[in-house]
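Heads up, the sequence shown is in my numbering, so the first residue is 30 and it goes up one at a time.
By construction, the Cβ of each residue, glycine as well, lies at the ideal position given by its N, Cα and C atoms.
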Amino acid sequence: MSRKRKYSDEFRLKVVQEYLSGKNGGIYVIANKYKITHSELKHWVHKYELHGAEGLCKTSGTYDGEFKIYVVEYMNENHMSLTEATNYFCIPSRSTVRKWERIYYEEGRDGLLLERRGNSKMKKQHLSKPKKNINENEDLLAEVQRLRMENEYLKKLNALVLEREKTERKKK
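Right, dumping it as C-alpha coordinates:
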(Lines of atoms letter the chains of each structure in order from A and count residues from 1; the text may use other names and numbers.)
(Lines give C-alpha, C1' and ligand atoms only; values in the text may rest on other atoms or scores of the structure.)
Protein backbone atom coordinates (compact mmCIF):
# COMPACT_ATOMS: atom_id res chain seq x y z
CA MET A 1 0.00 0.00 0.00
CA SER A 2 1.46 3.36 -0.93
CA ARG A 3 2.08 5.85 1.80
CA LYS A 4 0.53 9.27 1.33
CA ARG A 5 2.94 12.15 1.10
CA LYS A 6 2.48 15.08 3.41
CA TYR A 7 2.28 18.53 1.88
CA SER A 8 2.72 21.90 3.54
CA ASP A 9 -0.26 24.17 4.02
CA GLU A 10 1.36 26.76 1.72
CA PHE A 11 1.78 24.18 -1.06
CA ARG A 12 -1.84 23.09 -0.83
CA LEU A 13 -3.07 26.66 -0.90
CA LYS A 14 -0.87 27.51 -3.90
CA VAL A 15 -2.10 24.51 -5.91
CA VAL A 16 -5.76 25.12 -5.07
CA GLN A 17 -5.55 28.81 -5.96
CA GLU A 18 -3.84 27.97 -9.25
CA TYR A 19 -6.63 25.52 -10.08
CA LEU A 20 -9.38 27.98 -9.12
CA SER A 21 -7.82 30.74 -11.22
CA GLY A 22 -8.47 28.56 -14.28
CA LYS A 23 -5.45 29.93 -16.14
CA ASN A 24 -3.21 26.87 -16.24
CA GLY A 25 -5.66 24.15 -17.23
CA GLY A 26 -7.99 21.72 -15.58
CA ILE A 27 -7.69 19.49 -12.59
CA TYR A 28 -5.70 16.76 -14.37
CA VAL A 29 -3.17 19.21 -15.82
CA ILE A 30 -2.49 20.86 -12.47
CA ALA A 31 -2.42 17.53 -10.62
CA ASN A 32 0.17 16.20 -13.10
CA LYS A 33 2.19 19.41 -12.90
CA TYR A 34 2.56 19.08 -9.10
CA LYS A 35 2.71 15.27 -9.14
CA ILE A 36 -0.38 14.73 -7.00
CA THR A 37 -3.49 12.73 -7.72
CA HIS A 38 -6.50 14.51 -9.17
CA SER A 39 -8.71 13.10 -6.40
CA GLU A 40 -6.41 14.63 -3.79
CA LEU A 41 -6.60 17.99 -5.55
CA LYS A 42 -10.40 17.71 -5.71
CA HIS A 43 -10.41 16.99 -1.98
CA TRP A 44 -8.31 20.10 -1.28
CA VAL A 45 -10.48 22.28 -3.53
CA HIS A 46 -13.65 21.12 -1.81
CA LYS A 47 -12.18 21.82 1.63
CA TYR A 48 -11.06 25.25 0.46
CA GLU A 49 -14.52 26.05 -0.90
CA LEU A 50 -16.17 25.03 2.37
CA HIS A 51 -13.75 26.48 4.91
CA GLY A 52 -11.38 28.79 3.07
CA ALA A 53 -7.63 28.66 3.68
CA GLU A 54 -8.17 27.26 7.19
CA GLY A 55 -9.77 24.21 5.63
CA LEU A 56 -6.44 23.27 4.06
CA CYS A 57 -4.52 23.54 7.31
CA LYS A 58 -3.64 20.26 8.92
CA THR A 59 -5.35 19.96 12.24
CA SER A 60 -3.92 17.31 14.42
CA GLY A 61 -5.17 16.72 17.87
CA THR A 62 -7.76 14.85 19.79
CA TYR A 63 -11.49 14.95 19.47
CA ASP A 64 -13.79 14.38 22.39
CA GLY A 65 -16.35 11.59 22.38
CA GLU A 66 -19.33 13.89 22.01
CA PHE A 67 -17.85 15.41 18.84
CA LYS A 68 -17.21 11.94 17.38
CA ILE A 69 -20.80 10.89 18.11
CA TYR A 70 -22.09 14.11 16.57
CA VAL A 71 -20.05 13.58 13.39
CA VAL A 72 -21.22 9.98 12.90
CA GLU A 73 -24.87 10.76 13.62
CA TYR A 74 -24.78 13.86 11.41
CA MET A 75 -23.30 11.77 8.59
CA ASN A 76 -26.04 9.20 8.99
CA GLU A 77 -28.90 11.70 9.19
CA ASN A 78 -27.71 13.67 6.17
CA HIS A 79 -26.56 10.65 4.13
CA MET A 80 -23.00 11.99 3.85
CA SER A 81 -20.04 10.06 2.53
CA LEU A 82 -16.78 9.89 4.45
CA THR A 83 -15.25 12.48 2.13
CA GLU A 84 -18.17 14.86 2.55
CA ALA A 85 -18.02 14.50 6.34
CA THR A 86 -14.28 15.09 6.56
CA ASN A 87 -14.63 18.16 4.37
CA TYR A 88 -17.64 19.49 6.27
CA PHE A 89 -16.09 19.03 9.73
CA CYS A 90 -12.55 19.85 8.54
CA ILE A 91 -11.08 16.55 9.72
CA PRO A 92 -7.81 15.79 7.95
CA SER A 93 -8.29 12.06 7.36
CA ARG A 94 -11.21 10.02 6.06
CA SER A 95 -9.83 6.97 7.87
CA THR A 96 -10.37 8.75 11.19
CA VAL A 97 -14.07 9.17 10.51
CA ARG A 98 -14.26 5.62 9.11
CA LYS A 99 -12.84 4.30 12.40
CA TRP A 100 -15.34 6.35 14.43
CA GLU A 101 -18.19 5.01 12.31
CA ARG A 102 -17.04 1.40 12.76
CA ILE A 103 -16.74 1.82 16.54
CA TYR A 104 -20.16 3.53 16.69
CA TYR A 105 -21.91 0.67 14.88
CA GLU A 106 -20.02 -2.12 16.68
CA GLU A 107 -20.00 -0.75 20.24
CA GLY A 108 -22.63 1.97 20.26
CA ARG A 109 -22.37 5.56 21.43
CA ASP A 110 -20.42 4.59 24.55
CA GLY A 111 -17.66 3.08 22.41
CA LEU A 112 -16.76 6.55 21.12
CA LEU A 113 -16.57 7.96 24.63
CA LEU A 114 -13.72 5.58 25.56
CA GLU A 115 -10.13 6.79 25.34
CA ARG A 116 -8.36 4.35 23.03
CA ARG A 117 -4.87 5.80 22.99
CA GLY A 118 -2.18 4.91 25.47
CA ASN A 119 -0.34 1.97 26.95
CA SER A 120 -0.87 -1.34 25.23
CA LYS A 121 -0.96 -3.05 28.66
CA MET A 122 -4.31 -1.41 29.25
CA LYS A 123 -5.59 -2.77 25.96
CA LYS A 124 -4.39 -6.26 26.89
CA GLN A 125 -6.22 -6.04 30.21
CA HIS A 126 -9.34 -4.89 28.39
CA LEU A 127 -9.09 -7.85 26.01
CA SER A 128 -8.36 -10.36 28.76
CA LYS A 129 -11.93 -10.26 30.11
CA PRO A 130 -13.37 -12.58 27.45
CA LYS A 131 -10.42 -14.94 27.92
CA LYS A 132 -11.25 -15.13 31.61
CA ASN A 133 -14.77 -16.12 30.66
CA ILE A 134 -13.40 -18.80 28.35
CA ASN A 135 -11.12 -20.06 31.13
CA GLU A 136 -14.09 -20.20 33.53
CA ASN A 137 -16.03 -22.25 30.98
CA GLU A 138 -13.07 -24.58 30.51
CA ASP A 139 -12.75 -24.97 34.29
CA LEU A 140 -16.44 -25.81 34.57
CA LEU A 141 -16.18 -28.35 31.77
CA ALA A 142 -13.15 -29.93 33.43
CA GLU A 143 -15.02 -30.16 36.74
CA VAL A 144 -18.00 -31.80 35.04
CA GLN A 145 -15.61 -34.29 33.42
CA ARG A 146 -14.00 -35.10 36.80
CA LEU A 147 -17.40 -35.59 38.43
CA ARG A 148 -18.49 -37.92 35.63
CA MET A 149 -15.29 -39.95 36.02
CA GLU A 150 -15.82 -40.11 39.79
CA ASN A 151 -19.41 -41.22 39.27
CA GLU A 152 -18.29 -43.98 36.84
CA TYR A 153 -15.59 -45.08 39.29
CA LEU A 154 -18.10 -45.35 42.14
CA LYS A 155 -20.55 -47.31 39.96
CA LYS A 156 -17.82 -49.78 38.99
CA LEU A 157 -16.66 -50.07 42.58
CA ASN A 158 -20.21 -50.71 43.71
CA ALA A 159 -20.62 -53.35 40.97
CA LEU A 160 -17.38 -55.07 42.09
CA VAL A 161 -18.48 -55.06 45.74
CA LEU A 162 -21.85 -56.57 44.81
CA GLU A 163 -20.14 -59.21 42.69
CA ARG A 164 -17.78 -60.08 45.55
CA GLU A 165 -20.68 -60.42 47.97
CA LYS A 166 -22.46 -62.75 45.53
CA THR A 167 -19.43 -64.98 45.20
CA GLU A 168 -19.01 -65.10 48.99
CA ARG A 169 -22.66 -66.11 49.45
CA LYS A 170 -22.28 -68.91 46.95
CA LYS A 171 -19.24 -70.29 48.81
CA LYS A 172 -21.14 -70.51 52.09
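- CA nearest to the CA of residue 97, picked from 82, 108, 115: Indexing the sequence shown from 1 puts residue 97 at position 68. Comparing Cα positions, the closest option is 115.
- Query: What's the gap between the Cα of residue 52 and the Cα of residue 136?
  - Reply: Working through the sequence shown from its first residue, we reach residue 52 at position 23. Working through the sequence shown from its first residue, we reach residue 136 at position 107. Cα to Cα, residue 52 sits roughly 50 Å from residue 136.
- With a CB to CB cut of under 6 Å and the five nearest residues on each side skipped, what residues in its chain are close to residue 70? Translated into the one-based positions of the sequence shown, residue 70 becomes position 41. Once the five neighbours on either side are set aside, the close Cβ partners of residue 70 are 56, 60.
- Since residue 109 and residue 99 are thought to touch, with beta carbons under 8 Å apart, how far apart are those beta carbons, to the nearest angstrom? Here the question's residue 109 lines up with position 80 in the sequence shown. Here the question's residue 99 lines up with position 70 in the sequence shown. Contact flag wrong, Cβ pair sits at about 12 Å.
- Message: Going by C-alpha to C-alpha distance, which of 127, 72, 93 sits closest to residue 15?
- Response: In the structure as shown, the chain begins at 30 and stops at 201. Residue 15 is therefore absent and cannot be evaluated.
- DSSP state of residue 122 mapped onto helix, strand, coil: The residue you call residue 122 lines up with position 93 of the sequence shown. Residue 122 falls in the coil class under three-state DSSP.
- Query: For the segment 37 to 111, which segments carrying the alpha helix (DSSP H) assignment without a break, of at least 4 residues, lie completely within its bounds, in sequence order?
  - Reply: 38 to 50, 56 to 62, 67 to 80, 94 to 106
- Enclosing alpha helix (DSSP H) for residue 142 [first to last residue]: For the purposes of this step, residue 142 is identified with residue 113 of the sequence shown, where counting begins at 1. First-last of the alpha helix (DSSP H) with residue 142: 138 to 142.
- Where residue 43 falls, given that 16 or more other Cβ within 10 Å makes a residue buried: Taking the sequence shown and counting its residues from 1, one reaches residue 43 at position 14. Classification for residue 43: exposed.
- Considering only the beta carbon of each residue, do residue 45 and residue 77 sit closer than 8 Å? Translated into the one-based positions of the sequence shown, residue 45 becomes position 16. Translated into the one-based positions of the sequence shown, residue 77 becomes position 48. Yes, Cβ-Cβ distance for residue 45 and residue 77 is below 8 Å.
- Message: I believe residue 123 touches residue 111 by the beta-carbon criterion, under 8 Å. Please report the beta-carbon distance rounded to the nearest angstrom.
- Response: The count along the sequence shown starts at 1 and reaches residue 123 at position 94. The count along the sequence shown starts at 1 and reaches residue 111 at position 82. Indeed they touch by this definition, with Cβ atoms about 4 Å apart.
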